[in-house]
Amino acid sequence: MNSRRNFFKAASLTGGAIAAAAVSKVALAALPEAASQTSPETMPPLVPSTGRPCNPVVTLNGWTLPWRMNQGVKEFHLVAEPVVREMAPGMKAHLWGYNGQSPGPTIEVVEGDRVRIFVTNRLPEHTSVHWHGQRVPNGMDGVSGLTQPAIQSGKTFVYEFVARRPGTYMYHPHADEMTQMAMGMMGSWITHPKGKHPLIADVDRDFVFLLNAYDIEPGASTPNIMTMTEFNLWSWNSRVFPGIDSLNVRLNDKVRIRIGNLTMTNHPIHLHGHDFAVTGTDGGAVPLSARWPEVTTDIAVGQMRQIELIANELGDWAFHCHKSHHTMNAMGHTVPTMIGVDHSEISEKINKLIPDYMTMGERGMADMGMMSMPLPDNTLPMMTGEGPFGSVEMGGMFSVFKVRKDQKPGDYKDPGWYKHPPGTQAYEYTGPMAEPVRSHEAGEMLMPMHDKKMPEVEVQVRKPTGHSGH
Ligand SMILES: [Cu+2]
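Residue numbers for the sequence shown follow the working numbering, so the first one is 4 and each next one is one higher.
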């Protein structure tokens with residue numbers, strides 16, 4: 004980089020008009036600058052200073068890739084490379100991504116833009132980039148072996164097409180996919196409509212993030228790439244709660260949230276306190292007649308969902324995946340259910356052999372929120388996140404949708420915890436407790452059994468270990 008800049012400087016100093024012309028030709032042919040970002044913070048929206056105007060998105064714990072205009076073409080430079088991603092304070096993962104981060108930067112263009120993307124491969128193996136959901140000439144589709152040769156390490160390929168349809172899309176490799184996506188290679192792509200669109204509303208806030216998952220052993224920092232089902236870190240943009248930023252909006256804002264799923268399972272994404280409509284998918288805008296109110300939308304593997312709502316309820320509203328094991332951080336899958344099992348005697352015996360041994364889960368797993376047990380370095384407690392009233396007992400795919408009266412337009416900063424007006428919060432009942440009235444004696448059945456000679460069986464509440472398929 005430095006040497007090239009010095010070359011330009013030397014050329015312009017020595018040569019007058021001829022040298023200047025030669026330099027500009029070299030500059031035109033040169034690669035656009037590969038911007039890089041290593042901070043995991045949510046960056047402010049990138050308001051375009053060149054090209055067509057648009058209302059930019061905010062990438063949760065991410066950023067938008069800057070571009071340059073080159074004779075009417077919007078040019079980007081993606082660099083596929085190993086990155087270190089802080090998944091939450093206290094845990095860093097060694098991933099693969101683009102331009103310093105996993106996921107890569109969001110690419111934002113406007114309908115009708117001619118786009119040229121330079122892709123440089125700094126990975127130890129070949130790669131390619133597929134532009135998921137977009138209409139592109141077949142040779143630009145990025146399926147290595149099928150539509151192009153793979154991009155070898157150290158090489159740069161150029162993709163060029165017109166962003167024909169407005170919508171919410173993503174990009175990811177289509178070469179050694181299982182490895183490269185398990186390592187975090189993906190990014191969001193937004194094509195904004197040019198001017199007014201009958202099915203794409205103007206919104207006050209527009210968020211985007213990708214659902215991804217990793218299998219990183221407690222104490223390790225590189226994902227297990229051979230994992231097919233047993234992922235243990237369920238993340239949004241390679242961040243896990245409490246490392247995921249809150250989505251901060253102003254009361255009565257019209258809000259759009261775009262979510263793509265590049266994990267190996269579906270995620271029912273649930274928002275508290277509001278209802279929303281799915282207004283678009285990676286197939287395009289949803290017709291008005293096909294929209295209905297929801298509070299949860301299931302996002303299948305390889306799908307994107309774009310939801311819209313009016314943020315008309317003040318408060319701190321939970322926003323999370325409804326699969327409860329996806330709102331937890333790294334855990335083993337072979338822990339049996341111990342609720343109701345008294346194992347004080349056995350722990351005493353094991354403690355004589357292993358002093359640090361802890362039995363868990365006799366009263367449920369809430370004790371794990373405190374996690375007084377020592378953890379290996381670079382590991383997050385299984386359930387974590389401290390709210391104003393104690394542990395939220397959530398990790399993984401969880402965040403908070405914060406609606407405030409005084410959140411200024413364009414301000415995405417965390418306003419802190421919501422202060423509940425007096426008389427609007429659940430409280431402890433301390434009055435007299437009446438005996439519940441039952442229709443018949445406890446345990447007695449409504450009708451007598453036909454055959455009373457049944458053996459007495461006590462059901463053991465214990466899940467089989469080694470469950471899979473989620
Ligand atoms: Cu989930």
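Think of the CB as a built atom: it goes at the ideal place given N, C-alpha and C, for glycine as much as any other residue.
What number of angstroms, rounded off, separates the C-alpha of residue i from the C-alpha of residue j?
i      : j      : result
ILE193 : VAL211 : 9 angstroms
ALA14  : LEU34  : Because ALA14 carries a pLDDT of 34, less than 50, the predicted location of this residue cannot be relied on, and no value is offered for it.
TRP70  : GLY187 : 23 angstroms
LEU49  : THR433 : 53 angstroms
HIS275 : GLU316 : 10 angstroms
TYR162 : THR41  : 25 angstroms
GLY148 : ILE154 : 10 angstroms
LEU63  : GLU431 : 36 angstroms
GLU396 : ALA303 : 26 angstroms
HIS453 : GLU447 : 14 angstroms
LEU312 : GLU348 : 54 angstroms
GLN320 : GLY390 : It is Trp, not Gln, that sits at residue 320 in the sequence shown. Going from the Cα of TRP320 to the Cα of GLY390 covers about 12 angstroms.
PHE10  : ALA38  : With a pLDDT of 35 at PHE10, under the threshold of 50, the modelled position of this residue cannot be trusted; read the value that follows with caution. The straight-line gap from Cα to Cα measures roughly 21 angstroms.
ASP116 : LYS199 : 16 angstroms
ALA23  : VAL60  : No answer about ALA23 holds up, because its pLDDT of 39 lies below 50 and its placement is not dependable.
PRO51  : CYS57  : 7 angstroms
ASP209 : ALA288 : 15 angstroms
LEU81  : PRO106 : 12 angstroms
THR45  : ILE247 : 9 angstroms
ALA216 : ILE120 : 27 angstroms
TRP239 : PRO226 : 16 angstroms
GLU351 : MET231 : 38 angstroms
Nearest to residue i by alpha carbon, out of the options?
i      : options                           : result
PRO290 : ARG117, TRP237, GLU316 and ILE203 : ILE203
HIS129 : THR182, LYS95, CYS324 and VAL86   : THR182
ASN332 : PRO169, VAL113, PHE164 and ASN235 : ASN235
VAL113 : THR53, GLY107 and PRO85           : THR53
VAL252 : HIS97, ASN215, PRO435 and VAL406  : VAL406
VAL403 : TRP420, PRO412, SER394 and LEU81  : TRP420
PHE493 : VAL281, VAL118 and SER241         : Residue 493 is absent from the structure shown; the chain starts at 4 and stops at 473.
THR171 : ARG441, THR45 and GLY283          : GLY283
HIS329 : ALA429, LEU214 and LYS77          : LEU214
GLY413 : ILE228, LYS257 and GLU233         : LYS257
SER241 : LEU254, SER224 and MET231         : SER224
PHE244 : PRO221, MET450, PRO384 and HIS175 : PRO384
HIS1   : VAL206, THR266 and SER156         : What is shown of the chain runs 4 to 473, which leaves residue 1 out entirely.
Throw me the rounded Cβ distance for the residue i and residue j pair, which I believe falls under 8 angstroms.
i      : j      : result
VAL122 : THR159 : 7 angstroms
HIS325 : THR300 : HIS325 to THR300, Cβ: 10 angstroms. No contact.
PHE392 : HIS323 : 17 angstroms between Cβ atoms; not a contact.
MET184 : GLY136 : Their Cβ separation, rounded to whole angstroms, is 16 angstroms, which puts MET184 and GLY136 out of contact at 8 angstroms.
Could you tell me the boundaries of the alpha helix (DSSP H) in which residue i lies?
i      : result
HIS109 : Going by the sequence as given, residue 109 is Thr instead of His. Element bounds for THR109: n/a, residue is neither H nor E.
ALA185 : 180-185
For the beta strand (DSSP E) containing residue i, list its first residue and its last residue.
i      : result
MET307 : 307-313
GLU78  : 76-91
THR159 : 159-165
TRP237 : 236-239
LYS405 : 401-407
ASN215 : 208-217
ASP319 : 318-324
GLY390 : 387-390
Given 8 angstroms, three or more beta-carbon pairs between the stretch 138-147 and the stretch 91-100: no
The stretch 253-263 contacting the stretch 303-311, beta-carbon criterion three pairs below 8 angstroms: yes
Taking 8 angstroms as the cut-off, does the stretch 101-108 touch the stretch 54-68 (at least 3 CB pairs, one atom from each stretch)? Touching, yes, given that three or more Cβ pairs across the two stretches are closer than 8 angstroms.
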